[in-house]
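Protein chains in written order, with my numbering: chain B, 0 to 255; chain Z, 0 to 255. First the structure, in the form of structure tokens, and then the observations on it.
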């Protein structure tokens with residue numbers, strides 16, 4: 000019999016409410032230990048963006064914002080908070096779609112991610128005027144968590160920071176990777192032969208995005224499970240990994 | 000301690016080469032039994048498109064095709080097989096992008112999926128002129144597999160048929176659902192409150208797409224594992240499920 004490919008996706012519970020300044024790596028390692036799933040070499044940890052942003056104090060008080068005329072106009076047409084619209088524009092490198100009928104802003108964030116509202120949201124954030132921004136550099140955040148866990152537990156693992164994005168063409172959101180550390184975020188099949196000796200056409204798989212999606216199945220929204228451990232997935236180790244290979248270059252993108 | 004959310008993704012090995020006319024449900028149930036992971040109530044089976052298409056004899060011989068002038072022109076500019084280009088056009092309900100510089104056709108298939116080449120490909124298919132089409136109705140295919148398995152094993156489970164699609168904005172392909180049976184393909188959070196009592200903004204999660212993505216982590220390309228069993232995922236049972244909720248209506252899509 001062939002080897003049976005098998006992986007587990009395990010929610011990490013018992014992580015305390017994050018308020019800012021915490022060392023996430025140490026909290027995650029402790030929580031994993033406490034639920035009898037201590038972290039091991041080769042594990043992938045998928046950490047949801049919200050706790051990373053909160054630990055990095057990326058909350059933003061809308062009262063500090065003076066909206067521009069563009070933001071005021073768009074907000075009026077769409078019944079949105081003009082200060083939030085202004086912040087979305089400020090956090091964007093370019094606007095891909097700004098649709099005042101649907102009240103949607105799809106933009107390219109400073110990191111290069113194309114998503115709604117520059118990734119800013121106000122769920123699970125305390126205070127009416129407080130919103131949460133993406134981490135400043137989510138690959139750096141991922142590296143920091145990885146290094147900390149290695150320091151504490153000696154386990155060499157990969158980190159994926161995930162966020163929930165909408166997609167073109169398909170309804171429903173899905174989790175994708177906005178930060179990685181320790182693994183090649185892409186599986187490359189270029190040159191691989193199929194069973195008939197034909198070169199495969201689909202060349203690269205966005206493995207980190209698929210890991211983020213798999214993790215969402217146990218972390219879900221609105222429950223206190225902000226981290227998932229994926230065990231049994233064989234990834235390509237990469238010390239200087241970033242999410243850059245997951246972002247299509249603007250000049251090669253037919254949908255901007 | 001909270002309940003620890005936990006799921007397993009298990010490759011189903013030992014499924015024979017599919018040549019056409021097979022009863023997939025029975026082959027999958029046998030293979031699962033033979034590797035000591037018999038199918039159970041509540042399991043999700045993710046079946047890759049290629050074996051479904053092959054079982055349904057959706058192979059197509061390009062020698063039967065007379066390409067149109069549009070196909071001939073596009074093929075000349077892009078060094079493609081004009082017969083394949085013609086078939087892609089015939090299998091499409093509408094063309095979203097047809098880029099002769101990159102040699103890419105993104106279209107809406109008859110099912111409503113937006114993808115490259117109308118989902119047609121020639122990997123893992125015998126013969127130079129033979130290509131593989133998507134199932135005619137992949138929800139129907141999923142229902143047939145589900146019914147068969149229920150009949151044989153008495154297990155009530157959900158089926159996802161997956162295919163590998165490119166995405167807008169992000170590089171790398173990922174697996175998504177092109178057929179479902181037995182489960183609501185979408186998780187709906189509308190009206191759900193966060194920890195602070197605020198209504199969540201992200202309203203729906205494309206659960207079936209995330210299951211397809213998770214399965215890809217064990218099925219992968221070019222290996223003999225065309226099916227994955229996902230155990231431990233709590234889905235909403237739905238007898239008359241289809242992939243329709245995963246497809247954005249054209250009138251609501253800003254990227255067509």
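Backbone N, C-alpha and C define an ideal beta-carbon position, used for all residues, glycine too.
So, is residue 186 of chain Z buried or exposed, given that buried needs 16 or more other C-beta atoms within 10 angstroms?
buried
Return the CA-CA distance between residue 120 of chain Z and residue 178 of chain B, expressed in angstroms with no decimal places.
32 Å
Which same chain residues, not among the five before or five after residue 36 of chain Z, have their C-beta less than 7 Å away from its C-beta?
9 and 228
What would DSSP say about residue 161 of chain Z, mapped onto helix, strand or coil?
strand
State buried or exposed for residue 248 of chain Z, treating a residue as buried only when at least 16 other CB atoms are found within 10 Å of its CB.
exposed
Confirm, please, whether the CB-CB distance from residue 131 of chain Z to residue 52 of chain Z is below 9 Å.
yes
Chain-ordered chain Z contacts of residue 98 of chain B [CB-CB under 9 Å]
253
Shorter than 9 Å from the beta carbon of residue 112 of chain B to some beta carbon of chain Z?
yes
What is the DSSP secondary structure of residue 16 of chain B, reduced to helix, strand or coil?
coil
Between the stretch 208 to 222 of chain B and chain Z, which residues of the former have a C-beta closer than 9 Å to a C-beta of the latter?
208, 209, 210, 211, 212, 213, 214, 215, 216, 217, 218, 219, 220, 221 and 222
In the structure shown, what three-state DSSP assignment does residue 98 of chain B receive?
strand
Identify, in the order they occur along the chain, each residue of the same chain with its Cβ nearer than 7 Å to the Cβ of residue 41 of chain B, setting aside the five sequence neighbours on each side.
156
Identify which residue in Z:171, Z:147 and Z:14 has its Cα closest to the Cα of residue 226 of chain Z.
Z:14
Is the separation between the beta-carbon of residue 176 of chain B and that of residue 245 of chain B shorter than 9 Å?
yes
Can we say the stretch 12 to 27 of chain Z touches the stretch 47 to 67 of chain Z, given the rule of at least three CB pairs closer than 8 Å?
yes
Should residue 186 of chain B be flagged as near chain Z, meaning a C-beta pair shorter than 9 Å?
yes
Which whole-angstrom value is the C-beta distance of residue 159 of chain Z and residue 58 of chain Z, which I expect to be below 8 Å?
Their Cβ separation, rounded to whole angstroms, is 23 Å, which puts residue 159 of chain Z and residue 58 of chain Z out of contact at 8 Å.
Option nearest residue 211 of chain B by Cα separation, candidates B:164, B:168 and B:171
B:164
Just confirm the distance between the C-beta atoms of residue 216 of chain B and residue 188 of chain Z, as a whole number of angstroms; I'd bet it's less than 8 Å.
No, residue 216 of chain B and residue 188 of chain Z are not in contact; Cβ-Cβ is about 14 Å, not under 8 Å.
Residue ranges of each beta strand (DSSP E) run of no fewer than 3 residues wholly in the stretch 212 to 250 of chain Z, ordered along the chain?
226 to 230
Chain B within 9 Å of residue 34 of chain Z, Cβ atoms only
yes
So with Cβ pairs under 9 Å, would you call residue 12 of chain Z a contact of chain B?
yes
Proximity to residue 167 of chain B [Cα-Cα], best of Z:55, Z:151, Z:12 and Z:106:
Z:106
For residue 150 of chain B, report the span of its alpha helix (DSSP H) as first-last.
137 to 152
Is the shortest distance between the beta-carbon of residue 244 of chain Z and the beta-carbons of chain B less than 9 Å?
yes
What three-state label does DSSP hand residue 92 of chain Z in the structure shown?
strand
Starting from residue 256 of chain Z, find everything on chain B with Cβ-Cβ shorter than 9 Å and list it in chain order.
Shown here, chain Z extends from 0 to 255; a query on residue 256 of chain Z therefore has no answer.
Just to check, is the beta-carbon of residue 65 of chain Z closer than 8 Å to a non-hydrogen atom of the ligand FAD?
Of ligands this structure carries none, so the ligand FAD is not represented either.
Less than 9 Å between CB atoms is the rule here; does residue 203 of chain B satisfy it with respect to chain Z?
yes
Measuring only the C-alpha atoms, how far is residue 230 of chain Z from residue 12 of chain B?
20 Å
Write down the C-beta distance between residue 208 of chain Z and residue 173 of chain B rounded to the nearest angstrom, noting that I regard them as a contact closer than 8 Å.
5 Å
Whole-angstrom Cβ separation of residue 154 of chain B and residue 148 of chain B, contact assumed at under 8 Å?
6 Å
Close beta carbons around residue 99 of chain B, own chain, < 7 Å, minus the five adjacent residues each side:
73, 76 and 77
Could you name the residues of the same chain whose beta carbon sits closer than 7 Å to that of residue 240 of chain Z, not counting the 5 residues immediately before and after it, in chain order?
179, 180, 181, 182, 183 and 184
Could you tell me which uninterrupted beta strand (DSSP E) segments, each at least 3 residues in length, are contained entirely in the stretch 28 to 92 of chain Z, listed from first to last along the chain?
43 to 47 and 58 to 60
Against chain B, with Cβ distances strictly below 9 Å, would residue 169 of chain Z count as a contact?
yes
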